[in-house]
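Protein chains in written order, with numbering that gives the first Met the number 0: chain A, 0 to 541; chain B, 0 to 148. For glycine and all other residues, C-beta sits at the position ideal for the given N, C-alpha and C. For clarity, every value in this text was computed on a predicted model and none was experimentally measured. Beneath this line is the structure, given in structure tokens, with notes to follow.
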Amino acid sequence: MPADSLLIALPLIIPLFGVALLLCLRRVPERYCLGITVGLCLLLTAASAGLVAAVVQDGVLVLRSGAWPAPFGIALVADRFSAAMVLVTAVIGLAGAIYAIGHGTAKFRGFFTPLYMALLLGVNGSFLTGDLFNLYVWFEVMLMASFVLVALPGGRPQLEAAVKYLVLNFIASAFFLVGLGVTYGIAGTLNMADLAQKFATLEDPGMVLTSATLFLIAFGIKAGIFPFYFWLPSSYHVTPTPIAAVFAGLLTKVGVYALIRVSTVVYTGQQDFIQSILLPLGILTMITGVFGAASQFLIPRILSFHIISQIGYMIIGLAFFTEAAIAATVFYIIHHILVKSNLFLVGGMVGRQLGTQQLKRTGGLYKTAPIMAALFLIPAMSLGGIPPLSGFFAKFALVQEGILLGHWIAVAAALAVGLMTLYSMIKIWNEAFWKAPPVERSAPLSRIPVTMWIPVIGLAACTITFGLFPGVFFEFAQDAAAEIMNPRAYIEAVLLPAELLDPGEAAAPAAAEAARAIEAAEGIGADAPAPAESAPDQPSLP
Amino acid sequence: MSDYSTSILPPAARLLVPVLYAFSIFLLLRGHNLPGGGFIGGLVLATALVLRVMVQPDKAPRLDLIVLAGIGLMVALIAAAVPLFLGQELFTGVWGPEFALPLVGKIKLGTVLVFDIGVFLVVTGVAAKILLVLLAQLLSGQTAPRRRS
Numbered sequence: 000m001p002a003d004s005l006l007i008a009l010p011l012i013i014p015l016f017g018v019a020l021l022l023c024l025r026r027v028p029e030r031y032c033l034g035i036t037v038g039l040c041l042l043l044t045a046a047s048a049g050l051v052a053a054v055v056q057d058g059v060l061v062l063r064s065g066a067w068p069a070p071f072g073i074a075l076v077a078d079r080f081s082a083a084m085v086l087v088t089a090v091i092g093l094a095g096a097i098y099a100i101g102h103g104t105a106k107f108r109g110f111f112t113p114l115y116m117a118l119l120l121g122v123n124g125s126f127l128t129g130d131l132f133n134l135y136v137w138f139e140v141m142l143m144a145s146f147v148l149v150a151l152p153g154g155r156p157q158l159e160a161a162v163k164y165l166v167l168n169f170i171a172s173a174f175f176l177v178g179l180g181v182t183y184g185i186a187g188t189l190n191m192a193d194l195a196q197k198f199a200t201l202e203d204p205g206m207v208l209t210s211a212t213l214f215l216i217a218f219g220i221k222a223g224i225f226p227f228y229f230w231l232p233s234s235y236h237v238t239p240t241p242i243a244a245v246f247a248g249l250l251t252k253v254g255v256y257a258l259i260r261v262s263t264v265v266y267t268g269q270q271d272f273i274q275s276i277l278l279p280l281g282i283l284t285m286i287t288g289v290f291g292a293a294s295q296f297l298i299p300r301i302l303s304f305h306i307i308s309q310i311g312y313m314i315i316g317l318a319f320f321t322e323a324a325i326a327a328t329v330f331y332i333i334h335h336i337l338v339k340s341n342l343f344l345v346g347g348m349v350g351r352q353l354g355t356q357q358l359k360r361t362g363g364l365y366k367t368a369p370i371m372a373a374l375f376l377i378p379a380m381s382l383g384g385i386p387p388l389s390g391f392f393a394k395f396a397l398v399q400e401g402i403l404l405g406h407w408i409a410v411a412a413a414l415a416v417g418l419m420t421l422y423s424m425i426k427i428w429n430e431a432f433w434k435a436p437p438v439e440r441s442a443p444l445s446r447i448p449v450t451m452w453i454p455v456i457g458l459a460a461c462t463i464t465f466g467l468f469p470g471v472f473f474e475f476a477q478d479a480a481a482e483i484m485n486p487r488a489y490i491e492a493v494l495l496p497a498e499l500l501d502p503g504e505a506a507a508p509a510a511a512e513a514a515r516a517i518e519a520a521e522g523i524g525a526d527a528p529a530p531a532e533s534a535p536d537q538p539s540l541p
Numbered sequence: 000m001s002d003y004s005t006s007i008l009p010p011a012a013r014l015l016v017p018v019l020y021a022f023s024i025f026l027l028l029r030g031h032n033l034p035g036g037g038f039i040g041g042l043v044l045a046t047a048l049v050l051r052v053m054v055q056p057d058k059a060p061r062l063d064l065i066v067l068a069g070i071g072l073m074v075a076l077i078a079a080a081v082p083l084f085l086g087q088e089l090f091t092g093v094w095g096p097e098f099a100l101p102l103v104g105k106i107k108l109g110t111v112l113v114f115d116i117g118v119f120l121v122v123t124g125v126a127a128k129i130l131l132v133l134l135a136q137l138l139s140g141q142t143a144p145r146r147r148s
């Protein structure tokens with residue numbers, strides 16, 4: 000157990016250690032701090048890769064903090080989905096940290112690196128926790144770190160963006176907190192696995208729906224879905240590029256993750272309700288996001304609106320609520336994080352080279368910086384869903400499932416929005432790279448430091464790898480989806496055997512007793528994760 | 000010049016500040032089973048530091064308070080992670096000997112106390128930093144942000 004515990008704890012310990020260390024090293028020159036940050040992110044990536052490997056091998060892993068049994072203590076849980084998200088977080092964190100060296104962080108007055116690590120800490124904590132109140136705490140860690148990162152560079156637009164960002168996210172937190180209160184009031188627990196059991200046997204479904212709605216609003220604001228997304232495009236574009244890239248990749252996806260986790264573990268009995276809300280919201284999110292992007296001419300703003308439209312795809316994937324659709328969503332989320340962060344980074348390179356990211360004043364980069372043009376084209380075409388790249392497989396799987404289920408409106412919207420996304424990407428391509436520069440440049444082009452090239456090339460390589468070997472990643476996504484859609488293994492891993500109730504037999508206490516006795520006899524304990532009951536015919540990944 | 004150089008506050012502060020120092024340590028140590036603890040102790044200590052600066056503006060703490068918070072965070076992290084390397088779960092208490100102190104009562108040495116000391120340092124650093132920054136603004140007369148012309 001301690002080895003597993005260590006693996007789950009490391010994605011939290013490393014960033015927390017980073018926060019503490021970098022606060023202590025406040026007087027040390029920034030370049031050393033950035034070096035330490037990059038080193039810690041490398042460690043984090045290695046630890047997260049180890050976690051993914053362990054989860055693939057052993058199934059769901061659980062850490063009970065303070066050795067308290069599950070409903071009383073806080074459990075940290077890693078299954079395939081959360082482990083993969085932690086790994087992607089580490090990769091994006093590494094890319095952003097390297098990029099920050101070249102970009103410069105002087106505006107942050109020495110606080111960039113500790114806040115950056117605090118942000119990664121909050122994101123990792125949100126992915127790993129198995130307790131709803133603990134999730135709230137991690138959200139706040141993330142919110143505080145990101146709020147200061149938005150506000151600290153200090154100009155008027157930054158402060159304006161920070162206020163919008165903070166107010167709307169505080170509203171989300173308020174909804175979340177009320178939801179937690181309602182949930183605790185009806186079930187007496189906030190441990191997700193325990194809640195799943197309690198809700199399955201509850202008499203009063205009305206209050207359960209109330210709490211589900213409150214969580215839906217809270218996570219919806221975080222994820223940037225349709226009526227709640229306004230904070231996103233009004234705050235991301237004023238932040239410095241490495242921060243914008245990390246925000247764009249990770250923050251909204253934490254909301255999507257929480258939506259998926261809660262609706263598949265806790266609210267399994269309310270699937271129809273969740274589906275009926277999420278499907279139209281997902282479609283509207285896609286459409287409004289993509290139309291918002293069409294009217295913008297500032298590169299990071301266009302990209303921000305495209306986060307929203309892409310979130311819509313993930314939401315309809317969740318709304319379809321089949322194993323294949325969830326697999327497509329998992330694949331989509333991971334693909335999207337890598338691609339979107341990379342696009343922000345390339346956008347920052349364009350800005351660095353030309354001194355502006357305003358498309359009306361850019362141009363001609365295809366001639367002067369052909370490599371940059373190619374590096375833009377890879378994630379841009381992937382986002383648009385052009386065949387050999389990762390975005391194509393993500394969209395294909397989702398649309399295929401939509402056709403099989405007969406959700407024609409969602410399918411039509413997904414295809415149309417894909418086309419519009421491609422239009423937006425081509426707009427950036429034409430305006431920044433292809434057309435002749437609008438005015439003669441007097442100043443020579445700024446040089447791009449090598450530390451900006453490395454993360455962009457690395458993330459582009461990830462996108463291409465996804466496109467070249469989609470089978471490997473899709474198999475992983477399918478296994479992850481099988482775990483998500485059969486939360487029994489998750490619940491059994493978290494709770495002690497005595498806590499387990501079979502929802503079907505809960506009405507007959509004698510039968511439940513018997514089932515528990517059998518389970519105890521078979522030794523399905525909390526310490527031995529139940530074997531993955533799903534997809535036995537699929538080979539596990541190396 | 001400080002606004003607080005009245006005839007009452009400085010003598011009172013001279014008496015109060017050492018008492019507050021002792022009281023914050025007292026709260027920290029008794030906090031495991033009784034009301035108190037690192038958080039409250041830290042707030043009391045921060046109050047004492049700020050009170051001292053209010054009457055003697057040149058007596059600002061020499062240690063960077065942000066660094067103090069960083070050290071506290073590190074101490075807390077170590078206390079949380081030590082059991083992990085002893086083969087136990089994260090945050091499990093690892094206990095040492097127990098002894099009695101006058102006034103405070105029974106003290107049980109262990110990672111829980113170390114964690115509380117970490118919290119104590121973090122809260123002291125952050126709370127004192129916030130209050131001192133506000134105080135500095137107050138003393139320099141910038142109560143409201145200046146308007147840009």
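Roughly how many angstroms separate the alpha carbons of residue i and residue j, rounded to a whole number?
i: Y20/B; j: G36/B; result: 14 Å
i: A99/A; j: V37/A; result: 10 Å
i: A135/B; j: F132/A; result: 37 Å
i: Q157/A; j: M348/A; result: 20 Å
i: T110/B; j: Q477/A; result: 42 Å
i: K128/B; j: Y422/A; result: 50 Å
i: G417/A; j: A480/A; result: 24 Å
i: T450/A; j: A94/A; result: 9 Å
i: L9/A; j: L39/A; result: 11 Å
i: M141/A; j: L258/A; result: 17 Å
i: P454/A; j: Y331/A; result: 21 Å
i: H406/A; j: T287/A; result: 19 Å
i: T361/A; j: T367/A; result: 12 Å
i: L26/B; j: I242/A; result: 40 Å
i: E400/A; j: A323/A; result: 7 Å
i: K359/A; j: F290/A; result: 19 Å
i: R260/A; j: I483/A; result: 8 Å
i: A516/A; j: L495/A; result: A caution first: A516/A carries a pLDDT of 48, below 50, which makes its placement in the model too unreliable to give a value.
i: G466/A; j: K394/A; result: 12 Å
i: V620/A; j: L167/A; result: Nothing in the structure corresponds to residue 620/A, since chain A is present only between 0 and 541.
i: M573/A; j: G34/A; result: No statement about residue 573/A is possible, as the shown extent of chain A runs from 0 to 541 and does not include it.
i: G69/B; j: A126/B; result: 13 Å
i: Y312/A; j: F320/A; result: 13 Å
Quick check on DSSP: helix, strand or coil for residue i?
i: M48/A; result: According to the sequence shown, residue 48/A is Ala rather than Met. Helix, per DSSP.
i: I70/B; result: helix
i: K434/A; result: coil
i: A59/B; result: coil
i: T128/A; result: strand
i: A45/B; result: helix
i: A151/B; result: The structure shown has nothing for residue 151/B, since chain B only spans 0 to 148.
i: W428/A; result: helix
i: V93/B; result: coil
Chain A partners of residue i, CB-CB under 7 Å?
i: T91/B; result: G65, A66
i: E88/B; result: S4, L62, R63, S64, G65, A66
i: L83/B; result: P1, S4, L5, A8
Below 9 Å on C-beta distance, what does residue i contact in chain B?
i: R25/A; result: D63, I65, V66, G69
Residues of chain A with CB under 8 Å from residue i, in chain order?
i: A80/B; result: A8, I12
i: L72/B; result: L15, V18, A19, L22
i: L131/B; result: Within 8 Å Cβ-Cβ: nothing; L131/B doesn't reach chain A, min ~16 Å.
i: L120/B; result: The premise fails here: L120/B is roughly 11 Å from chain A at the closest Cβ pair, so nothing lies under 8 Å.
i: L76/B; result: I12, L15, F16, A19
> Do the stretch 338-350 of chain A and the stretch 302-315 of chain A touch if we need at least three Cβ pairs shorter than 8 Å?
Replying inline: Taking one beta carbon from each stretch, the stretch 338-350 of chain A and the stretch 302-315 of chain A have 3 or more pairs nearer than 8 Å; the two touch.
> Can you give, in chain order, each stretch of the alpha helix (DSSP H) that sits fully within the stretch 149-233 of chain A and has at least 4 residues?
Replying inline: If we require 4 residues or more, the alpha helix (DSSP H) runs fully inside the stretch 149-233 of chain A come out as 155-186, 191-199, 204-222.
>> Does the stretch 5-20 of chain B come into contact with the stretch 84-98 of chain B, if we say contact requires no fewer than three beta-carbon pairs (one atom in each stretch) closer than 8 Å?
In response: The stretch 5-20 of chain B vs the stretch 84-98 of chain B: no contact.
>> So, does the stretch 205-217 of chain A touch the stretch 285-304 of chain A, judging by three or more C-beta pairs under 8 Å?
In response: No, they do not touch.
> Does the stretch 265-274 of chain A come close enough to the stretch 183-200 of chain A that 3 or more CB-CB pairs lie under 8 Å?
Replying inline: The answer is yes - the stretch 265-274 of chain A touches the stretch 183-200 of chain A, with three or more Cβ pairs under 8 Å.
>> Any contact between the stretch 118-126 of chain A and the stretch 366-379 of chain A? By contact I mean 3 or more CB pairs, one from each, below 8 Å.
In response: No: the two stretches stay apart, fewer than three of their Cβ pairs being nearer than 8 Å.
> Unbroken alpha helix (DSSP H) runs of length 4 or more, entirely within the stretch 357-409 of chain A: which are they?
Replying inline: Look at the stretch 357-409 of chain A and you find these whole runs of alpha helix (DSSP H), each 4 residues long or longer: 364-367, 369-383, 389-404.
>> With a threshold of 8 Å, are at least 3 pairs of Cβ atoms found where one atom belongs to the stretch 43-51 of chain B and the other to the stretch 18-34 of chain A?
In response: Under the Cβ criterion (8 Å, minimum of three pairs), the stretch 43-51 of chain B does not count as touching the stretch 18-34 of chain A.
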